[in-house]
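All residue numbers for the sequence shown refer to the working numbering, where the first residue is 17 and numbers rise by one.
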Amino acid sequence: MSSDPDADARRLAAAAGEGDDPNRWFEDLYAAAQRGEAVVPWDRGAAHPLLEWWAGDRLGAQQLPEQSRAMVVGSGPGHDARLLDDLGFVTTAFDISPTAVANAAAALADTSVDVRRADLLDLPGEWRGGFDLVLEAMTVQAMPRSLRQAGTAAVRSMVAPGGVLLVIGMLMPDDGDLDDGPPWLLTRDEIDAFARDGIEFVTYHDEPATDGELVRYLAEFRRG
Numbered sequence: 017m018s019s020d021p022d023a024d025a026r027r028l029a030a031a032a033g034e035g036d037d038p039n040r041w042f043e044d045l046y047a048a049a050q051r052g053e054a055v056v057p058w059d060r061g062a063a064h065p066l067l068e069w070w071a072g073d074r075l076g077a078q079q080l081p082e083q084s085r086a087m088v089v090g091s092g093p094g095h096d097a098r099l100l101d102d103l104g105f106v107t108t109a110f111d112i113s114p115t116a117v118a119n120a121a122a123a124l125a126d127t128s129v130d131v132r133r134a135d136l137l138d139l140p141g142e143w144r145g146g147f148d149l150v151l152e153a154m155t156v157q158a159m160p161r162s163l164r165q166a167g168t169a170a171v172r173s174m175v176a177p178g179g180v181l182l183v184i185g186m187l188m189p190d191d192g193d194l195d196d197g198p199p200w201l202l203t204r205d206e207i208d209a210f211a212r213d214g215i216e217f218v219t220y221h222d223e224p225a226t227d228g229e230l231v232r233y234l235a236e237f238r239r240g
């Protein structure tokens with residue numbers, strides 16, 4: 017196991033990319049982490065700080081319906097799903113990795129979160145337009161760039177009329193290498209690309225970079 021948690025992800029993603037399933041590395045990473053052979057770099061043990069910021073600063077003004085339905089894309093260990101459940105959302109969470117799903121289901125057994133296994137690029141039809149809040153935190157940026165357009169379209173397809181879409185990630189620097197990953201960071205143009213098919217841009221919030229760190233952002237969108 018490397019001292020750099022991102023190195024484990026890059027190694028497994030590179031191996032998966034040599035086959036016919038470029039997203040296989042998600043399961044490889046979670047399974048290796050369960051064996052103590054890798055670290056899941058995005059598992060910080062709590063909900064994403066920018067989601068917590070949004071819940072405190074923005075949620076109260078959203079005028080979402082009671083018993084709003086929330087979807088967590090690429091839910092991983094389930095920390096974001098737990099926060100939304102605590103906030104009163106009827107929450108569904110999915111991941112492509114069977115190991116991640118099993119672990120999250122066990123960790124969230126004391127909540128009402130519905131944890132599913134699903135592929136972002138092959139979603140159940142009933143999820144289309146089915147959620148008042150869709151959270152995409154660092155999943156699209158973890159997919160190869162060849163899948164970026166399809167992944168973005170799939171995320172926005174789940175937003176209900178009047179629903180909110182949150183996109184959280186790390187911003188590609190102006191001098192960044194588009195081929196360097198994972199994660200294959202989104203450019204600002206790629207973030208803005210979520211605003212299509214009836215989805216409109218609302219606001220963008222970021223945290224200024226400190227020495228050696230990348231800018232973290234939260235972009236908010238809404239379906240008219």
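Quick reminder that beta carbons are idealized off the backbone N, C-alpha and C, glycines included.
In this text, all values refer to a predicted model and were calculated from it rather than measured experimentally.
Check, Outcome
"Three-state class that DSSP yields for D73 in the structure shown", "helix"
"Given 8 Å, three or more beta-carbon pairs between the stretch 126 to 133 and the stretch 147 to 165", "no"
"Beta-carbon proximity check, D101 vs V88, cutoff 7 Å", "no"
"Contact set for E82: own chain, Cβ-Cβ below 6 Å, skip 5 residues either direction", "none"
"Proximity of F210 and R172 at Cβ, strictly below 7 Å", "yes"
"Cβ neighbours of V262 in the same chain (closer than 6 Å, five flanking residues each side left out)", "Here the chain comprises residues numbered 17 to 240, so residue 262 is not present and cannot be evaluated."
"Alpha carbon of M154 to alpha carbon of G52, nearest angstrom", "23 Å"
"D111, buried or exposed, once every other Cβ within 10 Å from all chains shown has been counted against 16", "buried"
"Neighbourhood of W143 by C-beta, 6 Å cutoff - its chain only, sequence neighbours within 5 removed", "M174"
"Distance between beta carbons of L137 and A170, contact taken as under 8 Å", "6 Å"
"Anticipated Cβ contact below 8 Å, L187 with R204, distance rounded", "7 Å"
"D135 in three-state terms, based on DSSP", "strand"
"Own chain partners of D213 with C-beta closer than 8 Å, once the 5 adjacent residues on each side are dropped", "A169, R172 and S173"
"For M87: DSSP bridge partner residues", "T108 and V150"
"Coil, strand or helix - F210 by DSSP", "coil"
"S162 classed as buried or exposed, judged by whether at least 16 other C-beta atoms fall within 10 angstroms", "exposed"
"For F217: DSSP bridge partner residues", "F237"
"Local conformation of R164 per DSSP, three classes", "helix"
"Closest residue to I184 among L151, D195 and D208 (Cα-Cα distance)", "L151"
"Opening and closing residue of the beta strand (DSSP E) in which V180 lies", "V175 to M186"
"Proximity below 7 Å, CB of A63 to CB of L99", "yes"
"Other residues of its chain near L139: CB distance less than 8 Å, five sequence neighbours each side excluded", "A170, S173 and M174"
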